[in-house]
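Asker: Anchor point for the sequence shown: position 768 equals 767 in numbering that gives the first Met the number 0, and the numbering is continuous, going up by one each time.
From the three backbone atoms N, C-alpha and C, an ideal C-beta is built for every residue, glycine too.
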Amino acid sequence: MRSSFLASFFFVLLLCLSTGAIPPALPLAVRSPTFNIWLQTQNGYIPSQRWTRFSDNYEVMGWAMYIRVDGTTFRCLGTRAIEGIATTFDGATITPTRTILRMQAGAVAFNVTFLSPIEPNDLARQSLPMSYVYVDGAATDGKEHTIQLYMDLSGEWTTFAGPETTLKWQSENTTHAAYMQAQRAAPSSAFNNVAEDGIAIHAMAFNTTGRQSLIASDRHLRSQIVSNETTLSLTSDLTGFQGPLTDPDTDAFPVLAHYADLGTVHTIPTTMWAVGIVRDPVVTFQGAPRHAYWWSRWATLSDAVDAFVEDFPAAQERALALDAKILADASKVSSEYADLVSLGLRQALAGIEVTVPQLSDGSYNTSDVMAFMKDSGISQRVNPTDTMYALMPALMYMNSTLLGFLLEPLLRFQANPTSGYTNSYAAPDLGTPYPSAPGNALNNEGTGVEHSANMLIMVLAHARTSGDGALISRYYTTLKAWANYLAHNAVSTSQMSADSRIAVLQQKHAGGPNLGIKAIAGIAAMARISDAAGDAAGADTFRATVANLTQTWTGMSSFQQRLAWQYNEPESSGMMYNLFADKLLQLDVFPDSVYQAADSYFATVGPYGAPLSSDSNSMTRSDWTMLSAAASSSSTIRDLLITGVHAGVWSNNNANGTFSALYNVQTGRNINEAVLPNGYATPAQGAMFALLALNVPTQTISGISFAGESGAGSTPSSPNSHKKRTSITTIVGAALGAVWLLAILGIGLFFLRRRRRRNRTHTQIPSIASASGSASGSVTDSSASMRESSTITLASGPGRGGAYADPSPLPGHSQRHTSLIRPPSKIAQLSPEERRRLYSLEEGAEEDLRRDMENLRRQVVELRATYQTPPVYY
């Protein structure tokens, strides 16, 4: 009943999504950074005319498929250079988990479905890089026909090292599967795209009707397939178990092939193949190998392949259910939006490897899970925070625990005192090149704001949607240090965004108001993190910082109801996509007037969307456009941006590549595959889920232990625990002493609360309307004792940032701490070591205050418990 309902519901959705237009590349088998195979369909090419390629649109991944109807052989997948008559291609349908090719061969209509399972709640299945291909169909003339199906994949799946590279291969049978595998005889973990240490897998159900499985050369096997014989008995021309990638005499490749003779039928029963590329280990983290999580469930590769083949019916049903849910949610926005999330999801999750370490006894430690992401299409970096920030919406929608697994190795590396990381800001990534993740301890201060803010935003996003506070508990000190760095550098004009480092985007300005939005959102996120950790004083400090910085930001960024792309340059403009973080996390930092001013940039949107900024009138990023759409206060603007991205992606004659994030809004064209970065197959397209992520419910954050702030969780001793009699003089003396201590504590708390109230009266952010106008001006702040000056002067003139409004320190800080506050012009003159000392002094002053207050509280608790004085509630 359930399967029937899902199938009916899904059929209706497919009717909505099935259109004549298709994007220039179709995802076929997309499960990991190294198992990522696409079909190029640009300029009207059909599946039987081009070889499938790796996701970079460069390396050929030889993959052929045939259907034989009444002795006539039709080519379903491959190139015109090989045997067979091309099938009639009737179009394609893309869902979040599947690509369905609709074909006709003579009197038989059939579908070839490429299913890349997405299993966000089952780490073993999600981390197993294998996909299904299955065929079903029926005769269109009401008659029965003899039908055979054939599929092979070539040694090109295992290497791009050269034709002379030696491969080895073997065949195995398990309870449920017959499979073959091939790999390099001498694997190498050094590679760019196609893995040189991968094992290519081709499997089929052992009991498939009329199955023949063998390894042979492509020329030998395919010539047999196109023969006119009604039934075939295939043979191999290969001897032994290894040989070159390309035969020097015949130019033939070894292939792994499965053939199924279905007999004389009217309906094609669902016939399935399983394909994959498996590596072990998948990543090396700081010199230690990390293994795919699936090894913790299946002891051998044979066990994993057997389980994958056996699981096909259930996996198919799970995929149907997941597709139906996602498409139902996305279609509430629009059918174009449903197209975009369908194309983006496999690509987003395929960027991630979920890993565990192996223990000395050969088992795997599933309590130490970490995920690693390759920056496909942009660089070879591992876990770059800017790409993770774009990927975040998809992970929040699917399972935010995966986001936590990606954050863990970044946090662990930077918090580890033996790692050599001493920077006061967050690292941009875990190093390069993938699959090596050594950590990145280099001086990257130019992008310190970008990456520190990314980390704080993502940590809070993970905690809010998963309810898991473990990262906050383990790394609170590190997170707080990054927030302090942001407080001193949020509106610095010397900071660069990640966009400024991608040359094809043609960005002339390094950072600016959009980066400032992210920085302020990062500090606001830290205030929420401090709340969750029970650090009330820290939360109040960060909230005051946010209020002050937002005043400064508004004066430097807003001009006549619009926002500038560069500080104090009113003629500049661009996408303020980082407002998405404020909206996603419900931080409420920026008022409606800021969102409306951001929307004004999109007053005129071209057929393929809007450029990233006025720095270039042509180049943009689809991921940032979708964040802007989600952040927009106008459904009209939102739909315009979605339509623009959709038009660019589905521009089959203009667009090229595998769902690139980088494209030209005037032509719809992407970057050529020969140019890097080109954005092909980037996990950043997880940003397509930005609108759906806004509706993910929040959870109560648990699992946090914080030992810094006063009294939370302390339990006074029971008054009945001390029974011994004491003299009246001792009791009176102790009582007077307690009263004296309580009086001091009460006075201190009175002034502390009054200062907090005074700070909170300045948390209202001025609207754009009240702050717009001249680039010069001032914002008055009555808490003058907290900073060097009570007036924030906004510098005038192009290219200059305003004077820094330093955050208010923790109420009650000593003069030693207050004197440490410096504007950015002074901080910029300090060496990195001097900056670290400055920040550590600030943190040290906070700790001094906390220790003093905590000691005083403990003394009062002990006196009250000892002498049975009445409890006092603060």
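With contact counted as at least three CB pairs below 8 angstroms, one residue from each stretch, are the stretch 465-478 and the stretch 439-450 in contact?
Answerer: Flag = no, the stretch 465-478 and the stretch 439-450 do not touch.
Asker: For the stretch 256-337, list the alpha helix (DSSP H) runs that are entirely contained and at least 4 residues long, ordered along the chain.
Answerer: For the stretch 256-337, whole alpha helix (DSSP H) runs of length 4 or above, ordered along the chain, are 300-309 and 311-330.
Asker: Compute the Euclidean distance between the alpha carbons of A53 and A347, then round it to the nearest angstrom.
Answerer: Taking the first residue of the sequence shown as 1, we reach residue 53 at position 54. Taking the first residue of the sequence shown as 1, we reach residue 347 at position 348. It is worth fixing the name first, because residue 53 is Phe in this sequence and not Ala. Cα to Cα, F53 sits roughly 16 angstroms from A347.
Asker: Using the beta-carbon count (16 or more within 10 Å), is D591 buried or exposed?
Answerer: As a working note, residue 591 is residue 592 in the sequence shown. Answer is exposed; the Cβ neighbour count stays below 16.
Asker: Rounding to the nearest angstrom, what Cα-Cα distance links A711 and A535 in this structure?
Answerer: Residue mapping note: residue 711 aligns to position 712 of the sequence shown, counting from 1. Residue mapping note: residue 535 aligns to position 536 of the sequence shown, counting from 1. With a pLDDT of 30 at A711, under the threshold of 50, the modelled position of this residue cannot be trusted; read the value that follows with caution. If I take the Cα positions, the gap works out to 10 angstroms.
Asker: Among the residues of its own chain, which have a CB less than 7 angstroms from the CB of S788, if the five just before and after it don't count?
Answerer: To locate residue 788, count along the sequence shown from 1; it is residue 789. Any reading at S788 must be qualified, since the residue scores a pLDDT of 30, below 50, and its modelled position is unreliable; no value is offered.
Asker: When the Cβ atoms of the stretch 348-360 are set against those of the stretch 164-183, are three or more pairs found closer than 8 angstroms?
Answerer: no
Asker: Take T94 and list the residues in its own chain whose beta-carbon comes closer than 6 angstroms to its own, dropping the five residues that flank it on each side.
Answerer: Here the question's residue 94 lines up with position 95 in the sequence shown. Correct list, in chain order: D322 and S341.
Asker: Do G430 and F252 have their C-beta atoms closer together than 9 angstroms?
Answerer: Start at 1 with the first residue of the sequence shown, and residue 430 comes out as number 431. Start at 1 with the first residue of the sequence shown, and residue 252 comes out as number 253. No.
Asker: Going by DSSP in three states, I93 sits in which element: helix, strand or coil?
Answerer: Counted from its first residue, the sequence shown places residue 93 at position 94. I93: strand per DSSP, three-state reduction.
Asker: Could you tell me which whole alpha helix (DSSP H) segments of length 4 or greater appear in the stretch 630-683?
Answerer: 634-648
Asker: So T72 and G83 are in contact, right, with Cβ under 8 angstroms, and what is the actual spacing, rounded?
Answerer: In the sequence shown, counting from the first residue as 1, residue 72 sits at position 73. In the sequence shown, counting from the first residue as 1, residue 83 sits at position 84. Correct: roughly 5 angstroms between the Cβ atoms.
Asker: Give the DSSP-derived three-state secondary structure of M391 in the structure shown.
Answerer: Within the sequence shown, numbered from 1, the residue matching residue 391 stands at position 392. It is helical.
Asker: How would you write the range of the beta strand (DSSP E) that N35 sits in, first residue to last?
Answerer: Position 36 of the sequence shown, counted from the first residue, corresponds to residue 35. Per DSSP, N35 belongs to the beta strand (DSSP E) from N35 to Q39.
Asker: Which of the three DSSP states is assigned to L690 in this structure?
Answerer: The residue given as residue 690 occupies position 691 in the sequence shown. In this structure, L690 counts as helix in the three-state DSSP scheme.
Asker: In whole angstroms, what separates the C-alpha of A329 from that of P392?
Answerer: In the sequence shown, the residue the question calls residue 329 occupies position 330. In the sequence shown, the residue the question calls residue 392 occupies position 393. Taken atom to atom, the span from the alpha-carbon of A329 to that of P392 is near 13 angstroms.
Asker: Whole angstroms are fine: how far does the CA of W564 sit from the CA of M369?
Answerer: Within the sequence shown, the letter at position 370 stands for residue 369. Within the sequence shown, the letter at position 565 stands for residue 564. Rounded to the nearest angstrom, the two C-alpha atoms are 37 angstroms apart.
Asker: If you pair each beta-carbon of the stretch 575-593 with each one of the stretch 518-530, do three or more pairs fall below 8 angstroms?
Answerer: yes
Asker: What are the uninterrupted segments assigned as beta strand (DSSP E) that are 3 or more residues long and contained completely in the stretch 51-128, given in chain order?
Answerer: 62-68, 71-76, 87-93, 97-104 and 107-114
Asker: Is the stretch 133-143 close to the stretch 173-188, with three or more CB pairs under 8 angstroms?
Answerer: no
Asker: Mind reading off the beta-carbon distance from N56 to E672? Whole number of angstroms is fine, and I expect it under 8 angstroms.
Answerer: As a working note, residue 56 is residue 57 in the sequence shown. As a working note, residue 672 is residue 673 in the sequence shown. The Cβ separation is near 4 angstroms, so the contact holds.
Asker: On the DSSP bridge list, what partners appear for S615?
Answerer: Position 616 of the sequence shown, counted from the start, is the residue given in the question as residue 615. Bridge partners of S615: S612.
Asker: Closer than 8 angstroms by C-beta to M618: which residues in its own chain qualify, once you throw out the five before and the five after it? Chain order, please.
Answerer: Locating residue 618 in the sequence shown gives position 619, counting from the first residue. Counting only Cβ-Cβ distances below 8 angstroms, and skipping sequence neighbours, we find V503, L504, Q505, P610, L611, L661, Y662, N663 and V664.
Asker: For the beta strand (DSSP E) containing A177, name the first residue and the last one.
Answerer: Translated into positions along the sequence shown, residue 177 becomes position 178. That run of the beta strand (DSSP E) goes A176 to R183.
Asker: Between which two residues does the beta strand (DSSP E) holding Q494 run?
Answerer: The sequence position of residue 494 within the sequence shown is 495, counting from 1. Per DSSP, Q494 belongs to no beta strand (DSSP E) and is neither H nor E.
Asker: Kindly provide the ranges of any beta strand (DSSP E) runs that are 3 or more residues long and lie completely inside the stretch 414-494, ordered along the chain.
Answerer: You should have found no qualifying run.
Asker: Measure the alpha-carbon distance for T417 versus D305 and round it to whole angstroms.
Answerer: If you number the sequence shown from 1, residue 417 lands on position 418. If you number the sequence shown from 1, residue 305 lands on position 306. For T417 and D305, the distance between alpha carbons rounds to 43 angstroms.
Asker: Taking all protein chains shown into account, do 16 or more other C-beta atoms lie within 10 angstroms of the C-beta of P128, making it buried, or fewer, making it exposed?
Answerer: As a working mapping, residue 128 is identified with position 129 in the sequence shown. Burial call: buried.
Asker: Looking at C-beta atoms only, is the number of pairs between the stretch 589-608 and the stretch 639-646 that lie closer than 8 angstroms three or more?
Answerer: yes
Asker: Is there contact here, the stretch 387-405 with the stretch 147-162, by at least three beta-carbon pairs under 8 angstroms?
Answerer: no
Asker: Would you mind working out which of A337, I703, N415 and S451 sits nearest R463, comparing C-alpha positions?
Answerer: Against the sequence shown, residue 463 aligns to sequence position 464. Per the Cα distances, I703.
Asker: If I follow the unbroken beta strand (DSSP E) through R210, where does it start and stop?
Answerer: Within the sequence shown, residue 210 is the residue found at index 211, counting from 1. Bounds of the beta strand (DSSP E) holding R210 are R210 to S216.
Asker: Give me whichever residues DSSP pairs with F371 in a beta bridge.
Answerer: By 1-based counting over the sequence shown, the position of residue 371 is 372. For F371, which the question treats as bridged, DSSP gives the partners E352.
Asker: Is S375 close to chain C, meaning its C-beta is less than 9 angstroms from at least one C-beta of that chain?
Answerer: Absent from the structure: chain C. Only one protein chain is present.
Asker: Here's a check: name, in chain order, each residue in its chain whose Cβ is nearer than 7 angstroms to the Cβ of V308, leaving out the five neighbours to either side.
Answerer: Indexing the sequence shown from 1 puts residue 308 at position 309. Taken in chain order, the residues that qualify are H175, A176, A202, A204 and A273.
Asker: Considering only DSSP beta bridges, list what P569 is partnered with.
Answerer: Along the sequence shown, read from residue 1 onward, the residue named residue 569 stands at position 570. P569 is not bridged to any residue.
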